[in-house]
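When you read off a place in the sequence shown, starting at 1, and then add 66, the result is the number in this note's numbering. Just so it is clear, CB atoms sit at the ideal spot from N, CA and C, and this is done for glycine as well. Since we're looking at a predicted model, the values are computed, not measured.
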Amino acid sequence: MGRFGKSMKPDSTIMKYYFIIILYNGIDKLFGTVYVAHMGLRGLTSFQIGQVLAISSIALSIFDFPTGNIADKYGRKRSLVLGFFIWSIGLLVFFQANNLFTFILSILLWAVGVSLISGTPGAWFVDEITKEGRAHLKAKVFPNANAISLIFGAIVALLSSVLAIGRPDFPLLVAGIMALGTSIMLIFILNENYGDRAISFRKALVRNTIDIFKSATMRLILIYSMTGRIAFQTFVMIWQLYMVKELKLSTAYLGFTMAIFLVVLAVGNSLAGILLKRFEGVKVSIIGQGLIAIGSITIVSHTSIVAFYLGASLIELGLGIDKSASSVWVHDFIQV
Numbered sequence: 067m068g069r070f071g072k073s074m075k076p077d078s079t080i081m082k083y084y085f086i087i088i089l090y091n092g093i094d095k096l097f098g099t100v101y102v103a104h105m106g107l108r109g110l111t112s113f114q115i116g117q118v119l120a121i122s123s124i125a126l127s128i129f130d131f132p133t134g135n136i137a138d139k140y141g142r143k144r145s146l147v148l149g150f151f152i153w154s155i156g157l158l159v160f161f162q163a164n165n166l167f168t169f170i171l172s173i174l175l176w177a178v179g180v181s182l183i184s185g186t187p188g189a190w191f192v193d194e195i196t197k198e199g200r201a202h203l204k205a206k207v208f209p210n211a212n213a214i215s216l217i218f219g220a221i222v223a224l225l226s227s228v229l230a231i232g233r234p235d236f237p238l239l240v241a242g243i244m245a246l247g248t249s250i251m252l253i254f255i256l257n258e259n260y261g262d263r264a265i266s267f268r269k270a271l272v273r274n275t276i277d278i279f280k281s282a283t284m285r286l287i288l289i290y291s292m293t294g295r296i297a298f299q300t301f302v303m304i305w306q307l308y309m310v311k312e313l314k315l316s317t318a319y320l321g322f323t324m325a326i327f328l329v330v331l332a333v334g335n336s337l338a339g340i341l342l343k344r345f346e347g348v349k350v351s352i353i354g355q356g357l358i359a360i361g362s363i364t365i366v367s368h369t370s371i372v373a374f375y376l377g378a379s380l381i382e383l384g385l386g387i388d389k390s391a392s393s394v395w396v397h398d399f400i401q402v
């Protein structure tokens, strides 16, 4: 076929990884764009929505802890197929829910599914390219996957605005169907691979727990992660309700707003790379946290569309900076 034809031939392993990441982020954005507003429109109070979000955060933390070892021992393909399937059930139950109990049930299924998926595509990909003798490709593929997922996420967020016109819960139905379809497709396109199959589930769980709590550095990082998660969940909880109930904006604007947030988040990630060349990672994280604080004060101080978008954009910019910076300095501390 010639050099040009050969160079243009798609790489099966890389394309499969991109396929999983793109669909995962697309489904996540369809859900994330409308789910808080959906609970409000189905009659839940702000306090009840807070309960559901708190349960989702706790459940995700609990389920995420052992699922990496489950995927290693029983197979990453199995983990992904089962994860997308359970996720689809959770999304479809969430779509139909109209009371607190059903929302809690659906969010628990959601947390189990997401936990089984989280981190598994990357582990599967690294194992596959390592077996192929091409482990060096991960340094190029992972950043590309992050960029592609942000772009695709913004497109899906805009699409959800169209889907939500006249039927605000429709993106949830589409997300559930996509997750189910992904689960079925992965059965046929993925090879199975494993991590440490020898270690027992109980030993892995105990080992992970001891590693975290015996180190003062790890305990501080855990506290940092928990407080950051609380702040993030608080913002997630209020922005959709604030737009719909306080600013009286249509749910069709939620997808457009989510797209803006993703673009600003990407800018924050890029800006962090520039700042990290001049400042230490911890200082860059402090800059990010400062922007989050200023943005929060801006939203609270003025009830207006301009103040909301300005404040929320500062929060997303700060989140992007802090997330990128912390991934550097947290890794350095763990290495120590």
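Under a Cβ-count criterion, where at least 16 other Cβ atoms within 10 Å of its own Cβ denotes burial, should Asn91 be classed as buried or exposed? So Asn91 ends up on the buried side.
Integer-rounded CB distance, given that Ala332 should sit under 8 Å from Leu216: Correct: roughly 5 Å between the Cβ atoms.
Straight-line Cα distance separating Leu107 from Pro234: Between Pro234 and Leu107, the C-alpha separation is close to 9 Å.
Give the straight-line distance between the Cα atoms of Gly384 and Gly356, rounded to the nearest whole angstrom. Roughly 7 Å between the two C-alpha positions.
Put Glu346 into one of helix, strand or coil per three-state DSSP. If DSSP states are grouped into helix, strand and coil, Glu346 belongs with coil.
For Lys343, count neighbouring C-beta atoms within 10 Å of its own C-beta (all shown protein chains included) and say buried if the count is 16 or more, exposed if not. By the 10 Å Cβ count, Lys343 comes out exposed.
Simplified DSSP assignment, three categories, for Asp77: Three-state DSSP puts Asp77 in coil, outside helix and strand.
Is the separation between the beta-carbon of Ser351 and that of Ser392 shorter than 8 Å? Yes, they are a contact pair.
First and last residue of the alpha helix (DSSP H) that includes Ala125? Note, Ala125: alpha helix (DSSP H), 112-140.
In whole angstroms, what separates the C-alpha of Phe236 from that of Ala137? Rounded to whole angstroms, Phe236 to Ala137 spans 32 Å at the Cα level.
What did DSSP end up calling Glu258 once you bin it into helix, strand or coil? Looking at Glu258 - three-state DSSP - the assignment turns out to be coil, as it is neither helix nor strand.
In whole angstroms, what is the alpha-carbon distance linking Lys82 and Leu380? Roughly 35 Å between the two C-alpha positions.
Evaluate contact between the stretch 110-121 and the stretch 165-180, counting only Cβ atoms and requiring at least three cross-stretch pairs below 8 Å. The stretch 110-121 makes contact with the stretch 165-180: 3 or more CB pairs, one atom from each, lie closer than 8 Å.
Coarse secondary structure for Leu315, derived from DSSP in three states: It is coil, neither helix nor strand.
Member of Ser78, Asp77, Ile87 whose CA lies at the smallest distance from the CA of Ala245: The option with the nearest alpha carbon to Ala245 is Ile87.
What is the C-beta distance between Met324 and Leu119, in whole angstroms, given that I count them as a contact (C-beta under 8 Å)? Actually they do not touch by this definition, with Cβ atoms about 17 Å apart.
C-beta atoms of Ile214 and Leu203 nearer than 8 Å: Not a contact, by the Cβ cut-off of 8 Å.
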